[in-house]
Amino acid sequence: MQTLLVTGGAGFIGSNFVRYVLEQHTDTTVVVYDKLTYAGRMENLVDVAENFAGRYHFMQGDICDAPAVNAALDQFGIDTIVNFAAETHVDRSILDPDAFMRTDVYGTYVLLEAAQKHGGLRYHQVSTDEVYGHIHGDHRSLETDCMAPRSPYAASKAGGDHLVNAYHITYGLPITISRGANNIGPYQYPEKVVPLFVTNALNDMHLPVYGDGGQQRDYQYVQDHCAGIDMVLRRGVIGESYNVGTGKEMTNLRMVEILLDELGKPASLIRHVEDRAGHDRRYCMNVDKLLALGWEPEYTHEEAIRATVRWYVANPWWWEPIRSGEFKEYYQRVYGQRKTLSTPAA
Ligand code: NAD
Ligand code: DAU
């Protein structure tokens with residue numbers, strides 16, 4: 000019997016993880032602890048509340064609020080913390096880094112302190128391949144590589160990872176870290192590239208490709224990531240980090256080509272626009288360490304992109320209200336004044 004505190008469980012990956020864990024492990028109870036920022040949505044958990052009523056609980060709260068975190072641990076008899084809570088969008092971190100430092104660094108510290116004060120709870124940190132920075136040549140990042148983050152978001156996540164490792168080394172806290180690739184799938188807020196482009200295309204709006212679109216990412220289906228985190232929680236070695244991805248990469252332009260093909264929309268929707276500041280050209284990880292635990296990804300990049308497109312086509316009830324709210328103002332800030340490039344440069 001496990002009782003998990005899943006922070007950030009109302010967000011994209013967190014909500015998919017909660018669903019995955021409750022389906023896979025009938026002896027597990029999940030308490031979602033979430034501040035409900037613009038990215039955290041109760042709609043993401045509606046079916047979970049219905050299907051797992053006795054084993055699922057929700058508490059609204061900020062991970063930076065130590066008394067509230069401690070109260071949640073006491074009230075539900077938590078034995079394991081899985082921390083998904085974070086500010087997660089690189090473009091927002093370039094505009095307003097403040098919330099990133101508070102949640103991704105200070106919030107992680109608050110959770111670690113609470114885990115420590117409660118007798119050394121099992122702690123898992125959900126991290127990202129972005130902590131490795133831009134990856135040159137044909138190297139694939141290893142868990143032992145030095146962190147070299149380049150955006151405020153990536154730096155705040157690397158700060159979180161350093162703290163998690165420090166609590167293990169200094170206090171013996173039983174921690175693990177997983178570093179995920181670019182996740183796509185159901186319930187991803189449409190600021191991220193794949194849901195942004197699908198929903199733009201469905202509205203016959205342009206797809207704003209940053210720069211030449213030759214950047215490389217590992218587009219991983221969210222369920223494969225959730226299965227990887229679950230594997231690390233159950234079989235991971237305490238004190239270790241694990242990369243979670245397909246181990247392959249794809250250019251953004253190829254991703255767009257597949258997305259438009261699945262939608263039956265024309266390539267004329269593509270607009271090359273001014274690049275993101277400090278844009279990392281390539282991420283790619285070596286995932287052998289997680290494969291050795293017995294985990295295997297099920298989706299290729301292409302299957303993941305097509306499955307994601309189909310979900311957004313089938314679920315306008317979820318994304319249409321989002322696109323008409325806070326999102327509109329955000330879109331204007333990021334894309335309103337952005338220059339279109341006639342000859343995209345690498
Ligand atoms: P998301 O933005 O969809 O959701 C983040 C969730 O955290 C939301 O529910 C939000 O309300 C909550 N939250 C934010 N600040 C909080 C606070 N102070 N206290 C409590 N809750 C708070 O994010 P996501 O894409 O699901 O990412 C989840 C985690 O996975 C993050 O830690 C992220 O760094 C990591 N990650 C994401 C990806 C990806 O491709 N999206 C890849 C690798 C790792
Ligand atoms: O790699 C893991 C990371 O993936 C996670 O840690 C982050 O939380 C998550 O946001 C994601 O970061 P990226 O910056 O890679 O994802 P995003 O969807 O914002 O962009 C993916 C690629 O698409 C990137 O090369 C930038 C490009 N892009 C993005 C947007 C929003 C565009 O060309 N146009 C866009 O409008």
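For the sequence shown, the positions run 0 to 345 when numbering that gives the first Met the number 0 is used. Glycine residues also receive a C-beta, built at the ideal position from the N, C-alpha and C atoms. Remember, it's a predicted structure, so these values are computed and weren't measured experimentally.
Query	Result
Distance, Glu-129 Cα to Gly-277 Cα	12 Å
Own chain partners of Gly-212 with C-beta closer than 6 Å, once the 5 adjacent residues on each side are dropped	Asn-251, Leu-252
Three-state class that DSSP yields for Pro-353 in the structure shown	Because the chain in this structure spans residues 0 to 345, residue 353 falls outside the shown range and cannot be described.
Contact test: Asn-116 Cβ vs the ligand NAD heavy atom, cutoff 7 Å	One detail in the question is off: residue 116 reads as Lys in this sequence, not Asn. Incorrect: Lys-116 has no Cβ contact closer than 7 Å to the ligand NAD.
Cβ contact (3+ pairs, closer than 8 Å) linking the segment 92-112 and the segment 56-68	yes
Gly-159, enclosing alpha helix (DSSP H) - first and last residue	151-170
Span of the alpha helix (DSSP H) around His-300	300-313
Helix, strand or coil at Arg-54 [DSSP, three-state]	coil
Where the beta strand (DSSP E) through Gln-124 begins and ends	121-127
Check whether Gln-124 and Ala-180 have beta carbons under 8 Å apart	no
Cβ neighbour criterion (16 or more within 10 Å) applied to Gln-331	exposed
Sheet register partners of Met-204 (DSSP bridge)	None; Met-204 has no bridge partner.
C-alpha gap between Val-221 and Lys-156, whole angstroms	19 Å
Opening and closing residue of the alpha helix (DSSP H) in which Arg-18 lies	11-23
CB-CB length for Asp-223 against Tyr-298, believed under 8 Å	6 Å
CA-to-CA distance, Arg-149 to Asp-90, given in whole angstroms	13 Å
C-beta contact flag for Val-192 and Ile-176 at 8 Å	no
Limits of the beta strand (DSSP E) - the one that His-177 falls within	One point to set straight first is that residue 177 is Ser, not His, in the sequence displayed. Looking at the DSSP string, the run of the beta strand (DSSP E) that includes Ser-177 is 174-179.
Run of the beta strand (DSSP E) containing His-271, from where it starts to where it stops	269-272
Status (buried if at least 16 other CB within 10 Å, exposed otherwise) for Tyr-170	exposed
Beta bridge counterpart(s) of Arg-275 as assigned by DSSP	Beta-bridge pairing links Arg-275 to no other residue.
Proximity test, Arg-139 beta-carbon vs the ligand DAU heavy atom, cut-off 7 Å	no
Residues of its chain near Gln-74, where Cβ-Cβ distance is below 7 Å and the 5 sequence neighbours each way are ignored	none
Asp-103 versus Gly-159 - alpha carbon distance	6 Å
Gly-8 versus Met-204 - alpha carbon distance	31 Å
Chain-order list of residues whose beta-carbon lies under 6 Å from that of Phe-11 (same chain, five-residue window excluded)	Tyr-186, Gln-187
For Arg-270 and Ser-323, the rounded distance between their alpha carbons	22 Å
Of the residues Ala-84, Ser-126, Leu-120, Arg-216, the one placed nearest His-135, counting alpha carbons only	Arg-216
Beta carbon of Trp-316 nearer than 8 Å to that of Pro-189	no
Test item: CB-CB of Val-243 and Leu-289 under 8 Å	yes
Asp-144 versus Asp-287: straight-line alpha-carbon distance, rounded	14 Å
Leu-35 CB to nearest heavy atom of the ligand NAD below 7 Å	yes
Among Ser-140, Pro-207, Ala-154, Val-81, the one whose alpha carbon lies nearest that of Ile-93	Ala-154
Contacts around Val-231, its chain only, beta-carbon distance under 6 Å, and the 5 residues preceding and following it disregarded	Thr-175, Ser-177, Tyr-241
Contact check, Phe-51 vs Val-31, beta carbons under 8 Å	no
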